[in-house]
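What follows is a set of notes on a single structure, which appears directly below.
There are 2 protein chains.
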Amino acid sequence: MIRIFIDYLLPIFYFKCMTKNREKLLMILNANKVPMNASLIYEDTKDSFDLATIYRGLNYLETNNYVSSFVFDCKESGVQRYFTIKEESHKHYMHCEKCHTFTAIPLCPLKNALSDIEEEYGFIVDEHYLTLRGICRHCAETTL
Amino acid sequence: MIRIFIDYLLPIFYFKCMTKNREKLLMILNANKVPMNASLIYEDTKDSFDLATIYRGLNYLETNNYVSSFVFDCKESGVQRYFTIKEESHKHYMHCEKCHTFTAIPLCPLKNALSDIEEEYGFIVDEHYLTLRGICRHCAETTL
DNA sequence: TATTTTTTGCAAATGATTCGCATTTTTATT
DNA sequence: AATAAAAATGCGAATCATTTGCAAAAAATA
Ligand SMILES: [Mn+2]
Ligand SMILES: [Mn+2]
Ligand SMILES: [Zn+2]
Ligand SMILES: [Zn+2]
Chain L
1 MIRIFIDYLL PIFYFKCMTK NREKLLMILN ANKVPMNASL IYEDTKDSFD LATIYRGLNY
61 LETNNYVSSF VFDCKESGVQ RYFTIKEESH KHYMHCEKCH TFTAIPLCPL KNALSDIEEE
121 YGFIVDEHYL TLRGICRHCA ETTL
Chain R
145 MIRIFIDYLL PIFYFKCMTK NREKLLMILN ANKVPMNASL IYEDTKDSFD LATIYRGLNY
205 LETNNYVSSF VFDCKESGVQ RYFTIKEESH KHYMHCEKCH TFTAIPLCPL KNALSDIEEE
265 YGFIVDEHYL TLRGICRHCA ETTL
């Protein structure tokens, strides 16, 4: 299997503890570039490995900073955790409730806002979660 | 039971279909002013009514626009849905991972950003979810 | 008051995620 | 390479928030 990864996003000891399964998970997330949940990944890798292994693998990858995740309540498939490869900058997403896909918002619209809030409320912000829900351009055009 | 509600936040036919239980849910949410999940409310109303009724009541109140909700993954209590009374303007919250409470962010820091995104990506934004996770002022001061 | 509709309590079902444990694979040590 | 120790996997069972079926209770309507 060919290992294609962008250096800067990988911890130094990449090959340490990187099993075939974990690597496959990374490949899938890297190939799709959109947030995927466990069952979506399971589809992608059918009969290749177990769902529990996928969950365990994703958790491992997250605690070791290869991927990050968020929970989202899709009107079609309910509340699930979605995973993405960690990139240079963190990302937020818009979710279309017609085609149920995620689209990345290239730059975080909260840059200044967060430091303002920290200053004003003395709250130390470790993480922030932002998701938009609506109708994507494509679905808006093809008026179903 | 005394009915204290702020007019503007209540649909016109407030008393229609407003059962004792649903009213109690509103009272609790209105009294606490912070996002509460079903079990939290259940504590508050112990032996008064059933957990399933709480869920059903909250769902009713949400579809009828009395309350709104979001899912949040608290490091202590996991992924749960939190409900708040609907106020004039929608609200976002900071969650402290030391005392596990929510604090409202009085004004939404996404005002302009959203219309920019709609314009740039042709995505129609129906809802947006923003939550901050960190350490609140109080917990930061009392260095545990 | 009688009839219809809605809500409730309780128990059982659901669905995403986790966990226990025996087995297999990987890593470290002779 | 062979052996011993450690970590990962598959499978099934457990967990936990939330939902649902159903019969009884309450509320709305006639
Ligand atoms: Mn969706
Ligand atoms: Mn918490
Ligand atoms: Zn779409
Ligand atoms: Zn705190």
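Going down the list, the sequences are from chains L and R. Mapping of the first sequence onto this note's numbering: position 71 corresponds to residue 71, and the numbering continues sequentially without gaps. Count along the second sequence from 1, add 144, and you get the number used in this note's numbering. All residues carry an ideal CB built from backbone N, CA and C; glycine is no exception. Remember, it's a predicted structure, so these values are computed and weren't measured experimentally.
Distance cut-off 8 Å: residue i Cβ against heavy atoms of ligand 3
| i | result |
| --- | --- |
| Lys-75/L | no |
| Cys-136/L | yes |
Short CB-CB distance (under 9 Å) between residue i and chain L
| i | result |
| --- | --- |
| Tyr-136/R | Residue numbering for chain R in the displayed model covers 145 to 288; residue 136/R lies beyond these limits and cannot be assessed. |
| Ile-150/R | Here Ile-150/R scores only 40 on pLDDT, less than 50, and its place in the model should not be relied on; the value that follows carries that caveat. No, Ile-150/R does not count as interfacial toward chain L. |
| Met-162/R | no |
| Val-223/R | yes |
| Glu-263/R | no |
| Cys-240/R | yes |
| Phe-193/R | no |
| Glu-271/R | yes |
| Ala-182/R | no |
| Val-215/R | yes |
| Ala-257/R | yes |
| Leu-154/R | Because the pLDDT of Leu-154/R is 46, which lies under 50, any placement of that residue in the model is unreliable, and the number read from its coordinates should be weighed accordingly. Chain L, which has no Cβ nearer than 9 Å to the Cβ of Leu-154/R, makes this no. |
| Leu-169/R | no |
| Leu-173/R | no |
| Ile-185/R | no |
| Asp-188/R | no |
| Ile-268/R | yes |
Closer than 9 Å to chain R by CB, residue i
| i | result |
| --- | --- |
| Phe-161/L | Residue coverage of chain L in this structure runs from 1 to 144, which leaves residue 161/L outside it and unanswerable. |
| Pro-35/L | no |
| Arg-56/L | no |
| Thr-131/L | yes |
| Glu-141/L | yes |
| Cys-136/L | yes |
| Phe-83/L | no |
Residue i CB to nearest heavy atom of ligand 2 below 8 Å
| i | result |
| --- | --- |
| Cys-240/R | yes |
| His-100/L | no |
Residue range of the unbroken alpha helix (DSSP H) whose run includes residue i
| i | result |
| --- | --- |
| Cys-139/L | 137-141 |
| Met-18/L | That residue, Met-18/L, is in no alpha helix (DSSP H); it is neither H nor E in DSSP. |
| Ser-39/L | 38-44 |
Check: residue i C-beta below 8 Å from any heavy atom of ligand 1
| i | result |
| --- | --- |
| His-272/R | no |
| His-236/R | no |
Residue i CB to nearest heavy atom of ligand 4 below 8 Å
| i | result |
| --- | --- |
| Cys-283/R | yes |
Run through the stretch 65-92 of chain L for me and flag every whole beta strand (DSSP E) of 3 or more residues, listed as ranges in chain order. With a minimum length of 3 residues, the continuous beta strand (DSSP E) runs that stay inside the stretch 65-92 of chain L are 67-74 and 78-85.
Which residue spans inside the stretch 96-124 of chain L form an unbroken beta strand (DSSP E) run of at least 3? 102-105
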